[in-house]
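Trainee:
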Amino acid sequence: MEVVVDAYDSEEPAMGWYYYISDECEFPFKAKCIEKRKISPLDLNEEVEVLSVTSEEKCGNEIFVEVKWSSRAMAVPLSQLKGIDVSDKTKEVIEDWHYWCQRGYEF
2 MEVVVDAYDS EEPAMGWYYY ISDECEFPFK AKCIEKRKIS PLDLNEEVEV LSVTSEEKCG
62 NEIFVEVKWS SRAMAVPLSQ LKGIDVSDKT KEVIEDWHYW CQRGYEF
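Count along the sequence shown from 1, then add 1; that gives the number in this note's numbering.
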């Protein structure tokens with residue numbers, strides 16, 4: 002993948018993904034939860050509004066996005082979300098991230 006083609010240490014893939022997602026996704030967008038995670042309160046098929054990518058520091062092991070949930074903002078893993086009626090580019094970025102995660106790749 003072009004996102005990590007020139008990455009030489011563990012921090013570079015994380016930053017490549019961080020900037021790819023933050024630069025290419027069109028925020029805000031609606032999404033639904035497609036996977037339950039212990040680190041997230043979202044239920045399967047629950048819908049949220051994705052506001053942005055969280056800070057670089059919070060994306061050291063995986064990509065987290067800030068969502069509006071129950072009238073507050075919180076961070077959840079992007080891997081558990083699927084865009085709803087998003088632009089083609091945003092859909093491609095999310096699918097790229099899901100592919101990376103499903104292949105078992107890590108930072």
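From the three backbone atoms N, C-alpha and C, an ideal C-beta is built for every residue, glycine too.
In whole angstroms, what separates the C-alpha of residue 107 from that of residue 71?
Mentor: Going by the C-alpha atoms only, they are around 31 Å apart.
Trainee: Distance, Cα to Cα, residue 79 vs residue 95?
Mentor: Residue 79 and residue 95: Cα-Cα distance of roughly 8 Å.
Trainee: Is the Cβ-Cβ distance between residue 26 and residue 81 less than 8 Å?
Mentor: Contact: no.
Trainee: Below 8 Å on the Cβ atoms is my contact criterion, and I expect residue 43 with residue 77 to pass it. Report the Cβ-Cβ distance as a whole number of Å.
Mentor: At roughly 6 Å, the Cβ-Cβ gap stays under 8 Å, so residue 43 and residue 77 are in contact.
Trainee: In angstroms with no decimal places, state the Cα-to-Cα distance between residue 12 and residue 90.
Mentor: If you take the alpha carbons of residue 12 and residue 90, they lie about 25 Å apart.
Trainee: Where does the unbroken alpha helix (DSSP H) through residue 107 begin, and where does it stop?
Mentor: It is not in any alpha helix (DSSP H) - residue 107 carries neither H nor E in the DSSP assignment.
Trainee: Residue 54 and residue 19 - do their beta-carbons sit closer together than 8 Å?
Mentor: The answer is yes: Cβ separation under 8 Å.
Trainee: Just list the residues that DSSP pairs residue 18 with in beta bridges.
Mentor: Answer is none; residue 18 lacks a bridge partner.
Trainee: Kindly list the residues whose CB is nearer than 8 Å to the CB of residue 36, restricted to its own chain and excluding five residues on each side of it in sequence; keep chain order.
Mentor: Contacts found: 45, 80 and 81.
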